[in-house]
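Novice: Quick note, the working numbering runs 836 ahead of the 1-based positions in the sequence shown.
Note that CB positions come from ideal geometry on N, CA and C, so glycine has one too.
First the structure, then my questions, so here it is.
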Amino acid sequence: MARKFVIASGKGGVGKSSVAAGLAGALVHQGKRVLLIDTDTGLRSLDIILGVGEKAVYDWGDVLAGNCELEKAFLRSDNGVCLLAAPATPSFKADIEDFRDMVKRCEEYFDCIFTDAPAGIDDGLRLAACAADGGLVVSTHDAVCVRSASAAADTLEKYGVSESRLIINRFQKGKVGRGGLLNIDSVIDATSVRLIGIVPEDAAVFMSATGRRIPENSPAGRAFSRTARRLFGENVPLKLKKL
Ligand SMILES: Nc1ncnc2c1ncn2[C@@H]1O[C@H](COP(=O)(O)OP(=O)(O)O)[C@@H](O)[C@H]1O
Ligand SMILES: [Mg+2]
837 MARKFVIASG KGGVGKSSVA AGLAGALVHQ GKRVLLIDTD TGLRSLDIIL
887 GVGEKAVYDW GDVLAGNCEL EKAFLRSDNG VCLLAAPATP SFKADIEDFR
937 DMVKRCEEYF DCIFTDAPAG IDDGLRLAAC AADGGLVVST HDAVCVRSAS
987 AAADTLEKYG VSESRLIINR FQKGKVGRGG LLNIDSVIDA TSVRLIGIVP
1037 EDAAVFMSAT GRRIPENSPA GRAFSRTARR LFGENVPLKL KKL
């Protein structure tokens, strides 16, 4: 059975989609079959990040509407990650039950399914959360993002996702204490979510935003690889000194 995680942050621009793509790439490298579902209707980005924007003929809205078979809507990136792109229409409203059924049908093809949520903690997050067993709450270490990550975690619980883990993204050790950038313990305390990974600020993530692979030996690549292993239950220690 596939593991299903919703990736949420409350605030936009925190790195949800980048983290989704980074973890997915790492898991594929580790031999897992991975599906990303973009639920950022109207503002979709994963097709670009995975470098399959040109191939995106069908999206999951077409699957729900019966315009195409589920398998036809899977877009495979060069690094082997599969994507169900979000409908391009901002006003697209999906039926929660239909969406959940579609994710259920995806399970036979994959070991891991990530649903990349839009910003906010309302209907978009509810949809992204509806088929997930666990939440991954992404936050940077600045105080504003941390507050919205905390709200996202609380909201996920309200939507029935009782187990969430925290990923601190864009961490800059040397800048802790400056301009409202918190240390790791303060982020964990303020969100009350258990930490599963820390991804440093790394130009390799930014460079990967148009389909380029994140090198496995880059700081972010190593962080994604280690976090991906923890998602599948491996006991991989956090190397805080190396950050
Ligand atoms: N760890 C990181 N290091 C450097 N840049 C990052 C990192 N994570 C995300 N970014 C950049 O931040 C921007 C927003 O990321 P994105 O994944 O689109 O956020 P969200 O999905 O939360 O809106 C993008 O330009 C992305 O390349
Ligand atoms: Mg996004």
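#1: Is D1038 a contact residue of ligand 1, with contact defined as CB to any heavy atom under 7 Å?
#2: Give, in chain order, every unbroken run of the beta strand (DSSP E) that is at least 3 residues long and sits entirely within the stretch 869 to 947.
#3: Using CA atoms only, rank isn't needed, just tell me which of D1038, V1023 and F1042 is closest to I1032.
#4: Leaving aside the five residues before and after V1041 along the sequence, list all residues of the same chain whose C-beta is less than 6 Å from its C-beta, in chain order.
#5: Tell me the DSSP bridge mates of R1030?
#6: Whole angstroms is fine: what's the gap from V864's alpha carbon to D947's?
#7: Count the other CB atoms within 10 Å of the CB of G971; is the residue buried (16 or more) or exposed (fewer)?
#8: So, using beta-carbon positions, are G851 and N1005 closer together than 8 Å?
#9: Considering only heavy atoms of ligand 2, does any lie closer than 7 Å to the CB of S853?
#10: If I'm right that S845 touches A988 with Cβ under 8 Å, what's the distance once you round it to whole angstroms?
#11: Hey, L1002 and Q1008: beta-carbon distance below 8 Å or not?
#12: Would you call the stretch 899 to 915 in contact with the stretch 973 to 986, where contact means no fewer than 3 C-beta pairs closer than 8 Å?
#13: So, using beta-carbon positions, are A924 and R962 closer together than 8 Å?
#14: Buried or exposed: which applies to F1068, given that a residue is buried once 16 or more other Cβ atoms fall within 10 Å of its Cβ?
#15: Which stretch, first to last residue, makes up the beta strand (DSSP E) that contains F841?
#16: Tell me whether D895 counts as near ligand 2, meaning its Cβ is closer than 7 Å to at least one heavy atom of that ligand.
#17: Can you have a look at T976 and say buried or exposed, based on whether 16 or more other CB atoms are within 10 angstroms of its CB?
#18: Could you tell me the boundaries of the beta strand (DSSP E) in which S853 lies?
#19: Going by CA-CA distance only, name the one from G867, I1034 and S1044 that's closest to L882.
#20: Assuming L972 is part of the beta strand (DSSP E), what are its boundary residues?
#21: Verify the contact flag: D883, CB atom, against every heavy atom of ligand 2, threshold strictly below 7 Å.
#22: Is D952 near ligand 2, in the sense that its beta carbon is under 7 Å from a heavy atom of that ligand?
#23: Just tell me which of G960, R1062, D937 and I843 has its CA closest to the CA of A901.
#24: Please classify P954 as buried or exposed, where buried requires at least 16 other C-beta atoms within 10 Å of its C-beta.
#25: Which residues in the same chain have their Cβ closer than 6 Å to the Cβ of R912, if we skip the five residues on either side of it in sequence?
#26: Following the continuous alpha helix (DSSP H) through D990, name the residue where it begins and the one where it ends.
Specialist: From the atom records:
#1: yes
#2: 870 to 874 and 918 to 920
#3: V1023
#4: S854 and A1056
#5: R1001
#6: 10 Å
#7: buried
#8: yes
#9: yes
#10: 6 Å
#11: no
#12: no
#13: no
#14: exposed
#15: R839 to A844
#16: no
#17: buried
#18: Here S853 belongs to no beta strand (DSSP E); instead the alpha helix (DSSP H) covers K852 to H865.
#19: S1044
#20: G970 to S975
#21: no
#22: yes
#23: D937
#24: buried
#25: C918
#26: A979 to K994
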